[in-house]
Amino acid sequence: MLNAPVDFPSLEEEVVFLRGLVSVHRMADVILEDCLERGLDLDSGVDVFLTQCARLVHARAGFVSLRGTRGPVLTRVLGEPGVDVQEAVRWPGVHKLKDGRTLFCTRLALGSLDLGGLGLVVEGNFDGGGGLVMKLVEAIGEQLDTAVLGFLALTDGKGALARLDALTAEAAPASRGHIGRYEVVTPLGTGGMAQVLVARTRGPEGLGRLVALKRILPHLSSDPSIVQQFLDEARIGLRLSHPNLVHVYDFGEAEGAYYIAMELVRGVDLERLIRAARGPLETAQAVSVVCQGLAGLHEAHVLRGEDGAPLELVHRDLSPHNLMVGFDGRVKVLDFGVAKARAQRTVTLPGIVKGKPLYMSPEQARGMRLDARSDLFAMGLVLYQALTGARAFEKPDELATMHAICDEALPPRPSRIPRAVWKVLETALAKRPEARFGSAREMADRLADACRPASDSELARLMAAHFADRHREFVQLDGPHPGPRLSEGEARGETPIMRPRHLKASP
390 MLNAPVDFPS LEEEVVFLRG LVSVHRMADV ILEDCLERGL DLDSGVDVFL TQCARLVHAR
450 AGFVSLRGTR GPVLTRVLGE PGVDVQEAVR WPGVHKLKDG RTLFCTRLAL GSLDLGGLGL
510 VVEGNFDGGG GLVMKLVEAI GEQLDTAVLG FLALTDGKGA LARLDALTAE AAPASRGHIG
570 RYEVVTPLGT GGMAQVLVAR TRGPEGLGRL VALKRILPHL SSDPSIVQQF LDEARIGLRL
630 SHPNLVHVYD FGEAEGAYYI AMELVRGVDL ERLIRAARGP LETAQAVSVV CQGLAGLHEA
690 HVLRGEDGAP LELVHRDLSP HNLMVGFDGR VKVLDFGVAK ARAQRTVTLP GIVKGKPLYM
750 SPEQARGMRL DARSDLFAMG LVLYQALTGA RAFEKPDELA TMHAICDEAL PPRPSRIPRA
810 VWKVLETALA KRPEARFGSA REMADRLADA CRPASDSELA RLMAAHFADR HREFVQLDGP
870 HPGPRLSEGE ARGETPIMRP RHLKASP
């Protein structure tokens, strides 16, 4: 229930608001049930809840922080909130941030118990103070309160604060439920369609290597189109093999949960690296990242099917978010989730535009047929951002950005960027596909000729300088992690009957 009546400017806005409330209630119930059924810990559920609720209010950043008697015990952060999360949880209400965004924050409580806070950061300022958005955020917070209470009560029946205190953030990573033959360790991140978890393989000798386990979000797993897209991604991933592409090991379904087991990349995405550098990368560093990404792309672009015919694979969604830079200096291309191949059964309907507007090619923005040269334009935009720290055609809204990509000239060359590198960039960003490079390999060769790429060790030193804490987290995950041996049946993939953890088997 809301704390105060809401005055809606129109019936349409009231309907939109109520639909949002219904979505939040349904999603919270499904997430809670999913965590209990699979033995997942609270952090996995909060990770999904935060990301999906942020999408409801078009927030690109946010946070949830839960507190016990001695301070924060569980914190999940989405994007870059631009505030100290542990300070912001004490700021209920609407707050205009210095970067022009608006923070909507609500406290989390169970009766008189203070459980922390939830905040969502939305682009822009709001006429009238954003009252309706604030009411929806408060309702989201109230639903999260209820879900947390339900989870804590159902797991082992202890008091809420006692259970929260048991979730100390300093504890070593432990197994937190399982999906198929994989033991879940910790959530890694959540997108619009899927959650990625760090997990370990299970075999007769106990727990094995770490993987990134991607699974369809529980409230979307009954949607046939999403399941088909997910399976298409898995099938394409299994066919791809290259040092600059994320390797797919396995995919399947276990008790209604569809998953893809992939190589766990120990690093961060290029977007985060650029933010950490607080400006453009050195030219050799930017060239190295993009050349490695192009090498992986070329392998995908020339992939052939079992009949020997080209699959004509196009990524369609390249951006700094899906170029991962590892702590070893190796770059990996992620997320062929919206990639399309000639042989696929699922196709994009005519006129439907998929991808991020900031990194679209002109032909993609117009909804035209795409080929590999569309990915080269996107890589040109990624290179521009790495070299300048800014996005080439960014405008106040998506439609204006798409118009700029189609019609506006590239901004003038900054003096710090060599002319030869800029020439490569101009060719990659030609408006007409036929004026670009003929292949990703050709673009990578021209770029490497224009500027010697930084070595893997140079990129590794850059990563170590900016992300020492993140590196330590991966080292901790890679440490000794003894686990239970499996029965022969479990090792063969036979899944035992799941019981909620608060229930004991009958004698």
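Going by the working numbering, the letters in the sequence shown line up with residues 390 to 896, in that order. Glycine included, every Cβ here is placed at the ideal spot set by N, Cα and C. Please read these numbers as outputs of a predicted model, since none were measured by experiment.
Helix or strand or just coil, what does DSSP make of G656? In the structure shown, G656 sits in a strand (DSSP, three-state: E or B).
Compare the Cα-Cα distances from Y647 to each of A775, L788 and L609 and report the closest residue. L609
Under a Cβ-count criterion, where at least 16 other Cβ atoms within 10 Å of its own Cβ denotes burial, should E476 be classed as buried or exposed? exposed
Cutting at 6 Å between CB atoms, please list the residues of its own chain near H860, excluding the five before and the five after it. F716
By alpha-carbon positions, which one of V585, T777, L586 and L439 ends up nearest to R465? L439
Secondary structure at G566, three-state DSSP: helix, strand or coil? Reduced to three states, the DSSP call for G566 is coil.
F452 in three-state terms, based on DSSP: Residue state, collapsed to three classes: strand.
Rounded to a whole number of angstroms, what is the C-alpha to C-alpha distance between E531 and R589? Using only the alpha carbons, I get a separation of about 34 Å.
To the nearest angstrom, how far is the alpha carbon of A684 from that of V419? 41 Å
Less than 9 Å between the beta carbons of V678 and L848, yes or no? yes
Less than 9 Å between the C-beta atoms of R705 and P699, yes or no? Going by beta carbons, R705 and P699 fall outside the 9 Å limit.
To the nearest angstrom, how far is it from the Cα of L602 to the Cα of L772? Computed Cα separation, rounded: 29 Å.
First and last residue of the beta strand (DSSP E) that includes R861? Annotation: R861 is outside any beta strand (DSSP E); the continuous alpha helix (DSSP H) that includes it extends over A857 to D867.
Suppose contacts are defined by Cβ-Cβ distances below 9 Å. Is V703 in contact with L712 by that definition? Not in contact: V703 and L712 (Cβ atoms no closer than 9 Å).
Among the candidates Q618, A829 and A817, whose CA atom is the shortest distance from the CA of A605? Looking at the sequence provided, one finds Ile at residue 605 rather than Ala. The option with the nearest alpha carbon to I605 is Q618.
Through-space distance from R479 to D503, alpha-carbon basis: Spanning the two alpha carbons is a distance of roughly 11 Å.
Once DSSP output is grouped into helix, strand and coil, what is the label at F438? Assigned with DSSP and collapsed to three states, F438 falls in helix.
Using C-beta distances below 7 Å, list every residue in its chain close to L765, excluding the 5 sequence neighbours before and after it, in chain order. A817, R825, F826, A829 and M832
Buried versus exposed call for A654 [16 or more other C-beta atoms within 10 Å across all chains shown]: Here residue 654 turns out to be Val, not Ala, going by the sequence shown. The residue is buried, with at least 16 neighbouring Cβ atoms inside 10 Å.
Taking DSSP as the reference, what is the three-state secondary structure of P632? coil
Along the chain, which unbroken stretches of the alpha helix (DSSP H) at least 4 residues long are found entirely within the stretch 665-733? Fully enclosed alpha helix (DSSP H) runs of 4 or longer: 672-690.
Pick out whichever of L670, L586 and W811 has its Cα sitting closest to the Cα of G578. L586
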